[in-house]
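Residue numbers (my numbering): 2 to 369.
For every residue, glycine included, the Cβ atom is placed at its ideal position computed from N, Cα and C.
Right, here's the structure in full:
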């Protein structure tokens, strides 16, 4: 039997559906996995219709997904099925070569930084947050401490360690950009200082575009300091569109209001450039599609790229049983948002580094 090849249009719909439903997959199936921690947790990386994406596989919802993947062959090819019917071929990429290396003091490189999507290196510099230990202040979806507790990472990655791993990832695996995020260590610079130190060390070791991600620091002069340290783009993540949802889902982080984020965006865009400041918005936390699109319109007018992704419930968090958004809901957001980005000539392909450039956690770029 000839297994069909998934085209671009069907691939866009499938990616949206897969990221909403998740994928039933065996533990023995290959590919790069993410469990717990920050970023796209409880996912595996797959390539579908030429697009490399992160798909939920370790969530409770994925266990009941209509999508299944067969064990991959020696080339990583796997048959994708929906309700037992063959849809086409997907691929699981092999683990990157830099994962097999360790620092001189014996720390595996994969505990310092991980490959996201096709060619983006990512790390959480501080794997701790001032809000995480107290559920009265923590973000209810956050699992930043899980990978640390499971010994899958280390609490703090030094600038020297990050530079060493970044150089190896570029030379061995062709990594094209890197994301540096952090738990919030304090309420003054909110991690900007440690990100600047990290960026400076990495850029001294290797020519690699960098995105740094933190909450808005009190002193907006940090934006120029981060740019001078070598950061090419900046992520400041609202997570939710309305203040009411933010206060419910992330009570501590919501003390930095939407209006304060908007002021910070207005300060940062002239320094990093139009489209080089991004914000992550999790669809499915309680905001309506209209709420998300209204915020996106304001962000685009400021020159900020709104990277909208479907919320994925992570095991062990207060929202582990919160339903992810439906595929129809995601399409109701992504289709008009894609048109807004096209009309503004703001494309993910123009982002120098970061989540928007990687695009693996959302099918947004396919709608641009």
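Inset, instruction - Tell me whether residue 38 sits in a helix, a strand or coil according to DSSP, three-state version. - result: At residue 38 the pLDDT is 47, less than 50, meaning the model places this residue with poor confidence and gives no usable figure here.
Legend entry - Helix, strand or coil at residue 348 [DSSP, three-state]: coil
Inset, instruction - Note down, in chain order, each residue of its chain lying with its Cβ closer than 6 Å to the Cβ of residue 255, except the 5 sequence neighbours on either side. - result: 247, 248
Legend entry - the segment 219-226 / the segment 117-124 touching (three or more Cβ pairs under 8 Å): no
Legend entry - Residue burial classification, residue 209 (beta-carbon count within 10 angstroms, cutoff 16): buried
Inset, instruction - Evaluate residue 38 with the Cβ neighbour count: other Cβ atoms within 10 Å of its Cβ, from every protein chain shown; 16 or more gives buried, anything less gives exposed. - result: Unreliable placement is indicated for residue 38, whose pLDDT of 47 sits below 50; the coordinate value is still reported in the next sentence. Per the 10 Å Cβ criterion, buried.
Inset, instruction - Indicate whether residue 281 and residue 347 have their beta-carbon atoms separated by less than 9 Å. - result: no
Inset, instruction - Starting from the N-terminal side, write out each stretch of the alpha helix (DSSP H) that is 4 residues or longer and does not extend beyond the segment 123-193. - result: 147-150, 160-174
Inset, instruction - Could you name each continuous beta strand (DSSP E) segment of 3 residues or more that falls completely within the segment 276-310, going from the start of the chain to the end? - result: 278-284
Legend entry - Sequence-distant residues of its chain with Cβ nearer than 6 Å to residue 168 (five each side left out): 206, 207
Inset, instruction - Measure from the alpha carbon of residue 88 to the alpha carbon of each residue in 260, 342, 355, 16, then state which is nearest. - result: 16
Legend entry - Same chain, Cβ closer than 8 Å to residue 175, five either side skipped, listed in chain order: 120
Inset, instruction - Taking only runs that begin and end inside the segment 77-121, name each unbroken beta strand (DSSP E) of 3 or more residues, in chain order. - result: 78-83, 86-92, 115-117
Inset, instruction - Could you tell me if residue 279 is buried or exposed, where buried requires 16 or more neighbouring beta carbons within 10 angstroms of its beta carbon? - result: buried
Inset, instruction - Determine the DSSP secondary structure at residue 51, reduced to helix, strand or coil. - result: coil
Inset, instruction - Compute the distance between the beta-carbons of residue 197 and residue 232, then report whether it is under 9 Å. - result: yes
Inset, instruction - Would you identify the three-state DSSP class for residue 321, choosing helix, strand or coil? - result: coil
Inset, instruction - Kindly identify the DSSP beta-bridge partner or partners of residue 57. - result: 44
Inset, instruction - Check residue 354 in the structure and name its three-state DSSP category. - result: coil
Inset, instruction - Take residue 304 as the anchor and find which of 269, 141, 188 has the nearest alpha-carbon. - result: 269
Legend entry - C-alpha distance - residue 107 paired with residue 94, whole-angstrom precision: 26 Å
Inset, instruction - Could you tell me if residue 170 is buried or exposed, where buried requires 16 or more neighbouring beta carbons within 10 angstroms of its beta carbon? - result: buried
Legend entry - Own chain residues within Cβ distance below 6 Å of residue 316, not counting five before or after: none
Inset, instruction - For the beta strand (DSSP E) holding residue 266, just list the boundary residues, first then last. - result: Per DSSP, residue 266 belongs to no beta strand (DSSP E); it is in the alpha helix (DSSP H), 259-273.
Inset, instruction - Name the two residues that bound the continuous alpha helix (DSSP H) containing residue 224. - result: 222-230
Legend entry - Straight-line Cα distance separating residue 152 from residue 299: 41 Å
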